[in-house]
Structure formats: C-alpha cells, structure tokens
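Report on one structure; see the data block that follows.
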Amino acid sequence: MAPQKALTFVRQVWSSFLATSGLEPRLLSSLQITSAVPGRVTFTLPIEAHHTNRLQILHGGTLASMVDLGGSLAVASRGLFSTGVSTDLNVTYLKAAGKVGESVYGEVECDRFGKTLAYTRVVFRNAAGEVVARGSHTKFVALAWKAGMTELEAEGAEGEAAKEGDKDGEQKV
119 MAPQKALTFV RQVWSSFLAT SGLEPRLLSS LQITSAVPGR VTFTLPIEAH
169 HTNRLQILHG GTLASMVDLG GSLAVASRGL FSTGVSTDLN VTYLKAAGKV
219 GESVYGEVEC DRFGKTLAYT RVVFRNAAGE VVARGSHTKF VALAWKAGMT
269 ELEAEGAEGE AAKEGDKDGE QKV
C-alpha cells in the first residue's frame with residue numbers, strides 16, 4: 119500500500135475529529151500530521167499559550183491528550199475510520215517539552231493490532247531531538263471492526279492476522 123494513501127486517510131480521520139469531537143478542536147486544532155504509513159504516524163504541535171501550564175511550559179494534560187489522539191491516529195493508519203475507545207492510557211514525563219513558540223514532535227506506533235485490542239506507544243521530542251515524554255495507549259477496537267473495514271485495512275491487516283495471528287486474531291506490527 120502506498121504511504122500517500124495512509125497519510126490521506128489519517129488526515130481524513132483527523133478532520134473528522136476536528137469536526138465532531140469536543141476536546142480536539144479546542145485543544146489540538148493546530149496539530150499537523152506530517153507522515154503516516156500503516157501502523158505509524160508522526161505529528162507536530164506548535165505550542166501556543168492555551169497548551170501551557172502556569173509555569174508557561176507545555177502542560178502535561180496537553181501531552182496526555184496527544185497520547186490519546188496519537189493512539190487513535192495509529193489505529194486509523196491501519197485503515198479503521200472508527201478508532202475504538204480507550205481502555206488504558208499512560209504518560210511518562212521526562213523533561214519540560216517546550217514553551218510558547220516552540221514545537222513538540224510526536225511519533226506513534228501501533229505495536230499490536232487485533233480484533234479486540236490495539237496497543238500503541240508514542241514518543242515526544244523537542245526541537246533538539248531530545249525525548250521529553252513517552253506514552254502508551256490501549257484501544258478497544260472490536261466494535262470499530264464491526265463498523266466495517268476500509269480499503270487500507272483490506273489491503274494489509276487481514277492477511278497479516280492470518281499469518282501471524284494468535285487465537286484472538288491479533289498480529290504483531
């Protein structure tokens with residue numbers, strides 16, 4: 119599958135979040151998806167005043183929201199428009215991520231993508247390339263599968279699940 123197809127699809131899912139969600143359009147509307155291939159998405163957030171805490175640095179809640187969104191986008195990169203619901207989310211903060219006028223860069227990967235659960239992890243870096251935070255996000259995707267597969271999913275995930283699956287149909291990515 120062509121990377122451009124995955125990028126276009128993930129951006130369509132992101133547009134849907136911006137049009138229909140309560141949180142993302144208010145907090146993360148300036149987030150830009152920079153690349154997407156099945157199972158991996160990168161994005162950038164230019165830090166604005168409403169992303170910061172009282173110390174004027176990127177708020178941990180903003181990063182947590184990006185872990186949540188990143189997990190959803192990683193699932194979308196595998197071809198599901200409906201990206202499931204969260205069952206677990208974790209964030210580890212390693213250092214200040216930046217201040218207004220700087221950017222934070224995220225890279226999220228879908229480590230495992232099955233018929234019931236998807237496991238994702240994200241790493242955040244500053245402009246110097248230093249890791250500032252990392253997170254993990256588990257998504258319940260069983261109902262998303264029932265909503266129907268897209269062309270992206272039909273091209274890749276089913277074949278991989280049959281080859282590498284366990285009893286739940288999960289696959290390593």
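Last residue of the sequence shown: 291 in my numbering, with the numbers rising by one and none dropped.
Backbone N, C-alpha and C fix where the C-beta goes; we use that ideal spot for every residue, glycine too.
Buried versus exposed, by CB contacts within 10 Å (16 or more), residue i
{"i": "His-168", "result": "exposed"}
{"i": "Asn-171", "result": "exposed"}
{"i": "Ser-147", "result": "exposed"}
{"i": "Val-193", "result": "buried"}
{"i": "Val-131", "result": "buried"}
{"i": "Ala-245", "result": "exposed"}
{"i": "Gly-140", "result": "exposed"}
{"i": "Leu-261", "result": "exposed"}
Residue i - DSSP class collapsed to helix/strand/coil
{"i": "Arg-144", "result": "helix"}
{"i": "Val-193", "result": "helix"}
{"i": "Ala-150", "result": "The amino acid occupying residue 150 in the given sequence is Gln; Ala does not appear at that position. DSSP places Gln-150 in strand when its eight states are reduced to three."}
{"i": "Val-259", "result": "coil"}
{"i": "Leu-359", "result": "Shown here, the chain extends from 119 to 291; a query on residue 359 therefore has no answer."}
{"i": "Ala-251", "result": "strand"}
{"i": "Leu-113", "result": "The first residue shown for the chain is 119 and the last is 291, placing residue 113 beyond what the model contains."}
{"i": "Phe-199", "result": "coil"}
Sheet register partners of residue i (DSSP bridge)
{"i": "Asp-186", "result": "Answer is none; Asp-186 lacks a bridge partner."}
{"i": "Val-155", "result": "Arg-158"}
{"i": "Ile-175", "result": "Lys-217"}
{"i": "Ser-204", "result": "Lys-257"}
{"i": "Glu-166", "result": "Partner(s): none; Glu-166 has no beta bridge."}
Expected contact under 8 Å - CB spacing of residue i and residue j to nearest Å
{"i": "Val-209", "j": "Gly-247", "result": "Actually they do not touch by this definition, with Cβ atoms about 20 Å apart."}
{"i": "Ser-204", "j": "Asp-229", "result": "Actually they are not in contact, since the Cβ atoms of Ser-204 and Asp-229 sit about 16 Å apart, beyond 8 Å."}
{"i": "Glu-220", "j": "Ile-165", "result": "5 Å"}
{"i": "Ser-183", "j": "Leu-145", "result": "6 Å"}
{"i": "Arg-243", "j": "Tyr-223", "result": "5 Å"}
{"i": "Ile-175", "j": "Lys-217", "result": "5 Å"}
{"i": "Tyr-211", "j": "Gly-178", "result": "6 Å"}
{"i": "Leu-181", "j": "Ala-265", "result": "Contact flag wrong, Cβ pair sits at about 29 Å."}
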